[in-house]
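Participant: What follows is a single structure, and I will ask about it in a moment.
Protein chains: 2
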Amino acid sequence: MADQKLVEKSDKASQLTLGFGLGQTEPLAGSSESVGKKKAATKSNSKPGSGKAPRTRATAESMAKQQREISVSEFFAKNSHLLGFDNKRKALLTTVKEAVDNSLDACEEAGILPEVEIWVKQTDTDRFSVRIRDNGPGIVKNQIPNVFGKLLYGSKFHRLKMSRGQQGIGISAAGMYGLITTGKPIQIISRTSSRAVAHLYKLAIDTKKNRPDIIKDEAIEVDFPHGTEVTIELVASYNKGRQSVEEYIELTAIANPHATLILHPPVGATLDLQRGTDELPDETKEIKPHPYGIELGTMIKMAKDTEHQKLGAFLTGEFSRVSPAVAKSVCAKAGVTTATWVSGMETPVIEKLYRVLQDTKLKAPSTNCLAPIGVEAILAGLLKGIKAEFYTASTRPPSVYRGNPFQIEVGLAYGGELGRDRHDENPDEEKGKREPAQARVIRFANRVPLLYQQSSCCTFKSVLETKWNNYTLSQSSGAMPRGPLVILVHMASVWVPFISEGKEAIADYDEIRKEVKLGISECARRLGTLLKRKKKKSDFAKRRDVFTRYIDEVVEATRSITTFNKEDFRQSLIALSQNYTAAADMEFDDHGKVIKKAKPGNDLGLANTVVVNRDEETDGPEALFEDDAPKKVANVSLKQSKKKKKRRK
Amino acid sequence: MADQKLVEKSDKASQLTLGFGLGQTEPLAGSSESVGKKKAATKSNSKPGSGKAPRTRATAESMAKQQREISVSEFFAKNSHLLGFDNKRKALLTTVKEAVDNSLDACEEAGILPEVEIWVKQTDTDRFSVRIRDNGPGIVKNQIPNVFGKLLYGSKFHRLKMSRGQQGIGISAAGMYGLITTGKPIQIISRTSSRAVAHLYKLAIDTKKNRPDIIKDEAIEVDFPHGTEVTIELVASYNKGRQSVEEYIELTAIANPHATLILHPPVGATLDLQRGTDELPDETKEIKPHPYGIELGTMIKMAKDTEHQKLGAFLTGEFSRVSPAVAKSVCAKAGVTTATWVSGMETPVIEKLYRVLQDTKLKAPSTNCLAPIGVEAILAGLLKGIKAEFYTASTRPPSVYRGNPFQIEVGLAYGGELGRDRHDENPDEEKGKREPAQARVIRFANRVPLLYQQSSCCTFKSVLETKWNNYTLSQSSGAMPRGPLVILVHMASVWVPFISEGKEAIADYDEIRKEVKLGISECARRLGTLLKRKKKKSDFAKRRDVFTRYIDEVVEATRSITTFNKEDFRQSLIALSQNYTAAADMEFDDHGKVIKKAKPGNDLGLANTVVVNRDEETDGPEALFEDDAPKKVANVSLKQSKKKKKRRK
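Heads up: the sequence lines are chains A and B, in that order.
For reference, each letter of the first sequence is one residue, going 849 to 1497 in my numbering.
For reference, each letter of the second sequence is one residue, going 849 to 1497 in my numbering.
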């Protein structure tokens, strides 16, 4: 319907191209005419007699009349792809994602272990009704219309603290998309406590004015003590596999082991992912902006808006890590004092102060605004979700970009069943090719899985830039490494710089890329060690094979010389072979030296790494080698991992 | 400054990772403690005695207090990377780009041949002042504050017509970025005619309220009769090469041969690109939305907002291509009449009408809203800017995505000097590799060069998806083709779906990708023909070489048999060889058949293709072979191309 060719004879532009392979037979009189016209073009650009209407000339006045304000909802309605509504499949995912993100955020802030239930029902061809209910704290009645019926409205934008939502766009945008495509309003039921009565709203967003139209507003009885339920009907399509709602829910469970997630798909069995731990992530604290990260203009603005009157109070009160002593010394260097009135400061003075602050040594921002997933949870998640042989994870120390604290976590899973079915899974792979499939990257930002725009993502670029050949994986220049490998990357930050409002990929800041690459290298180094050892082991095994293969011939050959017990001789040769190639059963360190074999067992006394021997069908992870990292490190208890596995089944 | 590591002992998150390769020596008491804590976690999540402060529990009420409206300027100030201000280098380019785009749009609307002059001056370390002046129609005084000091304000958003600007964000965002980074307001001088007095404004954008703060507002004398001059001071960096302001200006000249562009860089010579043609692009007309493209919700909204009272008038008046006859039949099928009152229609009735409309055969939208560059201008631009051997171009017929008409144009340049210096130019290429460099893609949207986010661009993905091996170019799976090749892609549309507000790449709509691929195939087929012929020619030349190499030996060998004139014999052998391998001098068609050699000359009587023999140092393009397309096609006059080249020197 939106794809038909337009070949109108009256249109000059298309005439120029009509001849290209379309087999038109009419003579194109217009063509030569148009070339002739071009030659006859005059500076004045008026072409009397050329058959064209004279050009309408806009003036400053006529153009001024067209100038209008654009409402932010109009803007995003027209640019719905910016919000993740490019196509029907993605529309469904984005809708579920925005609602679930909000539910998880609300539960965590209220200290409630989240339980989110999702119903997806097909109502017509290409039409679905999506209902998401959580056990969160609910939403105060008079806030509901703005939260769900207005873009750029929310509680998370103006604070520096890690959360899934940050823009105040997501859920209203999903409601708007539903309204635009089906004409149906968004429905919200919310109850703030078992003592309060629940309330139902139906809202349509007025895109021209970016404000909610209240369609229905009434008290209602519900069977849940507290929580919020959102229902949106939208044009969408439901698929399984990569980039599906299912994948999103499964990955969300990996990054949020404290959450119970239940999905009722339109067809097929319910996906019931019970929580794997009863501990909420660490509580995060809001922080003040750090002087290193802000821009000069922001500081000028802050000085204008502050409630503090004296410069000293302003500096210590509005910024992170500016102690009274620091404030005093900074003021002195800038030629002012802590008693200077903020309101009387001119721009050049603030600029001086700004420059002094940038050159002053300050403590890095506090990082209790962040709650990383943690290596244990990453390993547990990978163990549960991916049947590999080797698992490792690493949480980087916090770092800063543009003044925003952030923290990178990386996990790797390698081998096992990953190599076996990847060829079917990977749609990019052409059949008949013998190259192993490309590695898969699983991306998270503030515990939310990112499923689209992978190639634009800073984390993906970091994977490409890593020299995987150094870790014995095959990789052609500028491409993904090849092999049975899954790479998990998580960025936790008070403000994740997404490349679009749809929050599908992380923007490519140097500081972030550097940290991701360091995290990947840490994990890849451990993997490289395993692979090198495996290679050495297989080299020795080959040597033994060659020797063993000739034992029978040697036995035959020597028989003709003298008589002796053939069987005895063979056995002694086999013993000899096993003795000389015993190395094939040994473990070797990085430099090929024999190391004492680690005892297989349930306690993984080693750094953030789990190895499962899937070939021998053992039923649990096994410690294979010691990590090459320094000794004083946090350990992963296998028991815990196993417990989690069981719990989350 | 923004990259320091944060290793705080008080922070649990960082403790977990302290050991990783950083060589810390202190014992990490906290580590095991934290693991212990995890094990002790209880369902209630309150951990008395664990040493942590009790968790603060947000309630619906406390959360409601934090809910706030977010101004669109605040949003984009925090997300400056969405607008193309991710880094200092890009900030400079984006600022120039937004101003130049506006200038070109204004000139064209007013029917003025554009002349845009740009000054970039360094004012401090990392600080530049950018001034852009055009000869456009100027801006009415009272519109200036909103146009430059408010995001989402403009004349181009609400109409369906091709233009460079479309969002009403660009130039205000550049001014906002300047203000945020340097504290300096944006300065605008505008004059609407030689009879009017010029006016100067200095504006700071109030980000909290998204409205202009007027700093200065005065009449001023200027030496230009009409036009606008914008000055922005910003934190930036100035570089040459790829993705630089220079590249942007040069590419803009290729796509806008009617514009004169003059750049005064902070150092080095002025870049003076005079226009190559005095003809403005075809005037574009505003169109109404086409019923095929709109969403149901939009139609409901239109029915609510329309000034038409009767359904017939509404349908014919507010949509493209709905004639009174079509309106009548659509109404009948939907169970209403053209005399039905629009205001009384319920949603289900509109939905019925909408569905009937989608199933009704309608003429495709008019395409006089588009002004493609045209094959002549693309070829002229490529000939001027790129020293290749082979050039071809193609303008596709218009098509439609989401109801928006669009048109794709593709140009190819191959061989010549492209192969010679690409290894230095391409930063991705590692030294010492013998593979030819990857092809380069030059992207345009509504005549504006796109320099960033290439890998996310629909045009780039189309290049990757093209099977270049079919056209005898080397390409590994999922990668760019390799060879001395430049691929130009232009999308002209009433609404280009950019992947972000920074307008750096085109979103990946199926309809668009399909058209781009068809355009590329058209051009690549012609290139493939050339390359196959070249190969055949070189095969014959090799045969001759072998034969010639042995002539002397044959002469020597036969001498011993009998006496004869050695020189005569050699000459006759050479003649023989030339006769038998004359094919090496011939031209061959696709199937290896000899074709009559086209006469080299100045008139290129062939389809949209130019071949320049750079090896023989001829000074002009030469017609080498006939195109395989049907005969009735628009021709490219070489004379014109040469004229353009000379003019634009």
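Backbone N, C-alpha and C fix where the C-beta goes; we use that ideal spot for every residue, glycine too.
For clarity, every value in this text was computed on a predicted model and none was experimentally measured.
Between S1177 of chain A and the ligand GTP, is the CB less than 6 angstroms from at least one heavy atom?
Facilitator: With respect to small molecules bound, the structure shown includes none, and the ligand GTP cannot be examined in it.
Participant: What did DSSP end up calling Q1157 of chain B once you bin it into helix, strand or coil?
Facilitator: Working through the second sequence from its first residue, we reach residue 1157 of chain B at position 309. Coil, per DSSP.
Participant: Can you say whether D1356 of chain B is buried or exposed, counting buried as having 16 or more other CB atoms within 10 angstroms of its CB?
Facilitator: Locating residue 1356 of chain B in the second sequence gives position 508, where the first residue counts as 1. D1356 of chain B is buried by the Cβ-count criterion.
Participant: What's the gap between the Cα of K1200 of chain A and the Cα of E1194 of chain A?
Facilitator: The residue labelled residue 1200 of chain A in the question sits at position 352 within the first sequence. The residue labelled residue 1194 of chain A in the question sits at position 346 within the first sequence. Approximately 10 angstroms between the Cα atoms of the pair.
Participant: For N1318 of chain A, is the classification buried or exposed, using 16 other Cβ atoms within 10 angstroms of its Cβ as the cut-off for buried?
Facilitator: For the purposes of this step, residue 1318 of chain A is taken as residue 470 along the first sequence, with counting starting at 1. N1318 of chain A is exposed by the Cβ-count criterion.
Participant: I'd like to know whether the C-beta atoms of G1367 of chain B and V1248 of chain B end up nearer to each other than 7 angstroms.
Facilitator: One-based indexing of the second sequence puts residue 1367 of chain B at position 519. One-based indexing of the second sequence puts residue 1248 of chain B at position 400. Cβ distance not < 7 angstroms, so G1367 of chain B and V1248 of chain B don't count as in contact.
Participant: Are any of the Cβ atoms in chain A nearer than 7 angstroms to that of R905 of chain B?
Facilitator: One-based indexing of the second sequence puts residue 905 of chain B at position 57. Answer yes: the Cβ-Cβ gap between R905 of chain B and chain A drops below 7 angstroms somewhere.
Participant: So is P1469 of chain A in contact with chain B if we call contact Cβ pairs under 7 angstroms?
Facilitator: Looking up residue 1469 of chain A in the first sequence gives position 621. At P1469 of chain A, the pLDDT of 40 sits below 50, so the modelled position is not reliable; the number obtained from the coordinates is stated separately. With 7 angstroms as the cut-off, P1469 of chain A does not count as an interface residue toward chain B.
Participant: Taking 7 angstroms as the threshold (C-beta atoms), are A1101 of chain B and L1109 of chain B in contact?
Facilitator: On the second sequence, residue 1109 of chain B is found 261 positions in, with the first residue counted as 1. On the second sequence, residue 1101 of chain B is found 253 positions in, with the first residue counted as 1. For L1109 of chain B and A1101 of chain B, yes; Cβs fall inside 7 angstroms.
Participant: Which residues in chain B have a C-beta closer than 7 angstroms to the C-beta of G1031 of chain A? List them in chain order.
Facilitator: By one-based count along the first sequence, residue 1031 of chain A stands at place 183. Ordered by position in chain B, the residues that pass the 7 angstroms Cβ test against G1031 of chain A are L1144, G1145, I1148, T1195 and E1199.
Participant: If contact means a Cβ-Cβ distance below 8 angstroms, which residues of the region 1376-1398 of chain B contact chain A?
Facilitator: If the cut-off is 8 angstroms between Cβ atoms, the region 1376-1398 of chain B has nothing near chain A.
Participant: For the region 1075-1104 of chain A, which residues have a CB atom closer than 7 angstroms to at least one CB atom of chain B, in sequence order?
Facilitator: Listed by position along the chain: nothing, the set is empty.
Participant: So L1051 of chain B and I1063 of chain B are in contact, right, with Cβ under 8 angstroms, and what is the actual spacing, rounded?
Facilitator: Residue 1051 of chain B sits at position 203 when you count from the first residue of the second sequence. Residue 1063 of chain B sits at position 215 when you count from the first residue of the second sequence. Contact flag correct, Cβ pair sits at about 6 angstroms.
Participant: Would you kindly work out how many angstroms separate the C-alpha atoms of L1218 of chain B and F1254 of chain B, rounded to a whole number?
Facilitator: Position 370 of the second sequence holds residue 1218 of chain B. Position 406 of the second sequence holds residue 1254 of chain B. Cα-Cα distance, rounded: 7 angstroms.
Participant: Okay, do the region 919-935 of chain A and the region 987-1005 of chain B touch, 3+ Cβ pairs below 8 angstroms being the bar?
Facilitator: Because the criterion of three Cβ pairs below 8 angstroms is met, the region 919-935 of chain A and the region 987-1005 of chain B touch.
Participant: Going by beta carbon distance, what residues of the same chain come within less than 6 angstroms of L1378 of chain B, once the five residues before and after it are set aside?
Facilitator: Along the second sequence, read from residue 1 onward, the residue named residue 1378 of chain B stands at position 530. For L1378 of chain B, where only same-chain residues beyond five positions count, the Cβ hits under 6 angstroms are F1238.
Participant: Taking the straight line between their C-alpha atoms, what separation do you get for N935 of chain A and S1369 of chain B?
Facilitator: Against the first sequence, residue 935 of chain A aligns to sequence position 87. Against the second sequence, residue 1369 of chain B aligns to sequence position 521. Spanning the two alpha carbons is a distance of roughly 26 angstroms.
Participant: Name the residue from A:K1384, A:T943, A:P1114 and A:N983 whose alpha carbon lies nearest to the alpha carbon of D972 of chain A.
Facilitator: Walking along the first sequence from the start, residue 972 of chain A turns up at place 124. It is A:P1114 whose Cα lies nearest to the Cα of D972 of chain A.
Participant: Taking all protein chains shown into account, do 16 or more other C-beta atoms lie within 10 angstroms of the C-beta of E1134 of chain B, making it buried, or fewer, making it exposed?
Facilitator: Sequence index remark: in the second sequence, residue 1134 of chain B carries index 286 (1-based). Exposed.
Participant: At a Cβ threshold of 7 angstroms, is V920 of chain B touching chain A?
Facilitator: Indexing the second sequence from 1 puts residue 920 of chain B at position 72. It does: the Cβ of V920 of chain B has a partner Cβ on chain A nearer than 7 angstroms.
Participant: Give every residue of the same chain whose Cβ lies closer than 6 angstroms to the Cβ of Q970 of chain B, excluding the five residues on either side of it in the sequence, and list them in chain order.
Facilitator: Counting from 1 along the second sequence, the entry for residue 970 of chain B is found at position 122. F976 and P1114, listed in sequence order.
Participant: Using the beta-carbon count (16 or more within 10 Å), is T1030 of chain B buried or exposed?
Facilitator: Taking the first residue of the second sequence as position 1, residue 1030 of chain B is located at position 182. It is buried - the Cβ of T1030 of chain B has at least 16 other Cβ atoms within 10 Å.
Participant: By the DSSP assignment, the beta strand (DSSP E) with Q1255 of chain B in it spans what residues?
Facilitator: If you number the second sequence from 1, residue 1255 of chain B lands on position 407. Start and end: N1252 to Y1262.
Participant: What residues are listed by DSSP as bridge partners for T1076 of chain B?
Facilitator: Within the second sequence, numbered from 1, the residue matching residue 1076 of chain B stands at position 228. Answer by DSSP bridge pairing, in chain order: B:S1038.
Participant: When the cut-off is 7 angstroms and only beta carbons count, does F1072 of chain A lie next to chain B?
Facilitator: The residue labelled residue 1072 of chain A in the question sits at position 224 within the first sequence. By this cut-off, F1072 of chain A is not an interface position.
Participant: Closest to K1384 of chain B by C-alpha separation, out of B:K1181, B:T1320 and B:P1172, would be which residue?
Facilitator: Counting from one through the second sequence, the residue named residue 1384 of chain B turns up at place 536. Minimum Cα distance to K1384 of chain B is reached at B:T1320.
Participant: So with CB distances below 7 angstroms, who are the chain B contacts of I1028 of chain A?
Facilitator: As a working note, residue 1028 of chain A is residue 180 in the first sequence. Result: E1143, G1145 and T1146.
Participant: Express the C-alpha separation of L1121 of chain B and P1172 of chain A in angstroms, rounding to a whole number.
Facilitator: Here residue 1172 of chain A refers to the residue found at position 324 when the first sequence is read from its first residue. Here residue 1121 of chain B refers to the residue found at position 273 when the second sequence is read from its first residue. Cα to Cα, P1172 of chain A sits roughly 57 angstroms from L1121 of chain B.
Participant: Of the choices B:L999, B:E917, B:K913 and B:I966, whose alpha-carbon is the least far from that of R916 of chain A?
Facilitator: To locate residue 916 of chain A, count along the first sequence from 1; it is residue 68. Considering only alpha carbons, the answer is B:L999.
Participant: Nearest-angstrom Cα distance between A1021 of chain B and V944 of chain B?
Facilitator: Looking up residue 1021 of chain B in the second sequence gives position 173. Looking up residue 944 of chain B in the second sequence gives position 96. Spanning the two alpha carbons is a distance of roughly 12 angstroms.
Participant: I want to see whether chain B comes within less than 7 angstroms of T865 of chain A, judged by CB atoms only; does it?
Facilitator: Within the first sequence, the letter at position 17 stands for residue 865 of chain A. Its pLDDT being 30, under 50, T865 of chain A is placed unreliably by the model, and the measurement read from it follows with that caveat. True, the Cβ-Cβ gap to chain B drops below 7 angstroms.
Participant: Output the distance between the C-alpha atoms of V1093 of chain B and G959 of chain A, rounded to the nearest integer angstrom.
Facilitator: Numbered from its first residue, the second sequence carries residue 1093 of chain B at position 245. Numbered from its first residue, the first sequence carries residue 959 of chain A at position 111. Roughly 51 angstroms separates the two Cα atoms.
Participant: Does DSSP classify I1422 of chain B as helix, strand or coil?
Facilitator: Counting from one through the second sequence, the residue named residue 1422 of chain B turns up at place 574. It is helical.
Participant: Give me, in chain order, the residues of the same chain whose beta-carbon lies closer than 7 angstroms to that of N1104 of chain A; leave out the 5 immediate sequence neighbours on both sides.
Facilitator: On the first sequence, residue 1104 of chain A is found 256 positions in, with the first residue counted as 1. Excluding positions up to five away in sequence, the list reads L952 and R1295.
Participant: Just the Cα atoms here: how many angstroms apart are T1146 of chain B and I1028 of chain A?
Facilitator: The sequence position of residue 1146 of chain B within the second sequence is 298, counting from 1. The sequence position of residue 1028 of chain A within the first sequence is 180, counting from 1. Approximately 6 angstroms between the Cα atoms of the pair.
Participant: Take A1187 of chain B as the anchor and find which of B:L930, B:T1208, B:G1160 and B:K1209 has the nearest alpha-carbon.
Facilitator: Counting from 1 along the second sequence, the entry for residue 1187 of chain B is found at position 339. Checked all of B:L930, B:T1208, B:G1160 and B:K1209; the closest Cα to A1187 of chain B is B:G1160.
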